[in-house]
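Data first, discussion second: the structure below is written as structure tokens.
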Amino acid sequence: MKYLLIACMFFISICNPVYASTTANLGLTLVDSDATFNGKFKHNVEKGKWQSNYEAAYIYKKSDGVEKTNDFYFQFKENYELSDKSYVIGVAQLDYDKFRTAYDMRTVVGAGYGYKLLRTEKWKASNEISLAFLKSDSNEVILRNSLWVSYKFSENFSLTNKILYESGNDMYLRNSTDLMYKLTDKVSIGVGNTYTDSIATKNIFTINLAIKFK
Numbered sequence: 007m008k009y010l011l012i013a014c015m016f017f018i019s020i021c022n023p024v025y026a027s028t029t030a031n032l033g034l035t036l037v038d039s040d041a042t043f044n045g046k047f048k049h050n051v052e053k054g055k056w057q058s059n060y061e062a063a064y065i066y067k068k069s070d071g072v073e074k075t076n077d078f079y080f081q082f083k084e085n086y087e088l089s090d091k092s093y094v095i096g097v098a099q100l101d102y103d104k105f106r107t108a109y110d111m112r113t114v115v116g117a118g119y120g121y122k123l124l125r126t127e128k129w130k131a132s133n134e135i136s137l138a139f140l141k142s143d144s145n146e147v148i149l150r151n152s153l154w155v156s157y158k159f160s161e162n163f164s165l166t167n168k169i170l171y172e173s174g175n176d177m178y179l180r181n182s183t184d185l186m187y188k189l190t191d192k193v194s195i196g197v198g199n200t201y202t203d204s205i206a207t208k209n210i211f212t213i214n215l216a217i218k219f220k
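To convert a position in the sequence shown, counted from 1, into my numbering, add 6.
Okay, structure coming up:
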């Protein structure tokens, strides 16, 4: 994991982007003796036909004084535009779950094709399919499909949902939903929910504060 993060930071430093966007998202819920923390980091870079996407998420949950969830997710994705609607992708992904039985770490490296299904003033939707190599408690080739949908209720109010499915000996499903309201150009508040199904199922709800750095 350390070397993957170092490599991604290196890519950020050399890309000299025409356009770049960085957002940090923090979520916390406290109910009696239960506590849930959710942190997200996104960095997007565009240069010509190339687009680099970095995404990291950490979820921690404690219930009745007992640690229940300790998950870390990281994905680096490189897109190359073929046309206004289609593009090819390369992806590297790491998923750590402290309480997953049999193994705690999954790493995925793959390549595939993406298509922009919809682009309007209110709607955005894209679907990506790829073939990848998965390393967990064994090594195998898997099929991945990711569907991303965003809807703007108004200039400041939006809903985003991203669902990722991966085949394999142990099917992997991750669905992330965020309902956000923009207070300023830099600050947003909202609620989020992350559902994962990987041997065991988890559903984490958070109240979020998002800060856009640039």
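The beta-carbon is built from N, C-alpha and C at its ideal position, and this holds for glycine as well.
Which residues in the same chain as residue i place their Cβ atom closer than 6 Å to its Cβ, once the five residues preceding and following it in sequence are excluded?
i: Ser-204; result: Tyr-178
i: Ser-152; result: Glu-134 and Leu-170
i: Gln-57; result: Asn-85
i: Asn-31; result: Lys-46, Asn-214 and Ala-216
i: Asp-176; result: Ile-205
i: Ser-164; result: Lys-158 and Met-186
i: Asn-199; result: Thr-183 and Phe-211
i: Trp-154; result: Ser-132 and Lys-168
i: Gly-96; result: Glu-84 and Ala-117
i: Ser-156; result: Lys-130 and Thr-166
i: Ile-65; result: Asn-44, Thr-75, Asp-77 and Ile-210
i: Glu-224; result: There is simply no residue 224 to check, as the chain begins at 7 and stops at 220 in what is shown.
Find out if the Cβ-Cβ distance for the pair residue i, residue j is shorter than 8 Å.
i: Asp-4; j: Tyr-102; result: An answer regarding residue 4 cannot be provided, because it is not within the stretch 7 to 220 covered by the chain.
i: Leu-140; j: Arg-112; result: yes
i: Ala-62; j: Phe-80; result: yes
i: Arg-150; j: Ala-138; result: yes
i: Tyr-93; j: Gly-120; result: yes
i: Ser-89; j: Gly-118; result: no
i: Arg-180; j: Thr-202; result: yes
i: Ser-182; j: Lys-192; result: no
i: Ser-69; j: Asp-110; result: no
i: Gly-196; j: Asp-184; result: yes
i: Val-115; j: Ala-98; result: yes
Cutting at 7 Å between CB atoms, please list the residues of its own chain near residue i, excluding the five before and the five after it.
i: Ser-19; result: Model confidence at Ser-19 stands at a pLDDT of 43, short of 50, so the residue's coordinates are unreliable and nothing is read from them.
i: Asn-162; result: Tyr-187 and Lys-188
Quick one: measure Cβ to Cβ for residue i and residue j, integer angstroms, because I've assumed they're closer than 8 Å.
i: Lys-158; j: Lys-128; result: 5 Å
i: Thr-28; j: Phe-211; result: The pair is not a contact, with the Cβ atoms about 25 Å apart (cut-off 8 Å).
i: Lys-208; j: Thr-75; result: 6 Å
So, for residue i: in the same chain, excluding its five sequence neighbours on each side, which residues have a beta-carbon less than 8 Å away from its beta-carbon?
i: Ala-26; result: His-49, Asn-50, Val-51, Glu-52 and Lys-220
i: Leu-11; result: In this predicted model, Leu-11 has a pLDDT of only 41, less than 50, meaning its place in the structure is not dependable; the value taken from the coordinates is given anyway. Closer than 8 Å at Cβ, skipping near neighbours: Phe-80.
i: Leu-123; result: Ala-131, Ser-132 and Asn-133
i: Val-147; result: Leu-137, Ala-138, Phe-139 and Leu-140
i: Thr-190; result: none
Point to revise | Length at least 3, wholly inside the region 16-91: the beta strand (DSSP E) runs in chain order | key: 25-37, 40-53, 56-69 and 72-87
**Study point:** Contiguous beta strand (DSSP E) assignments of at least 3 residues, all confined to the region 99-145
**Key:** 111-125 and 129-141
Exercise for review: Go through the region 146-173 residue by residue and report every complete run of the beta strand (DSSP E) that reaches 3 residues or more, in order.
Suggested key: 163-172
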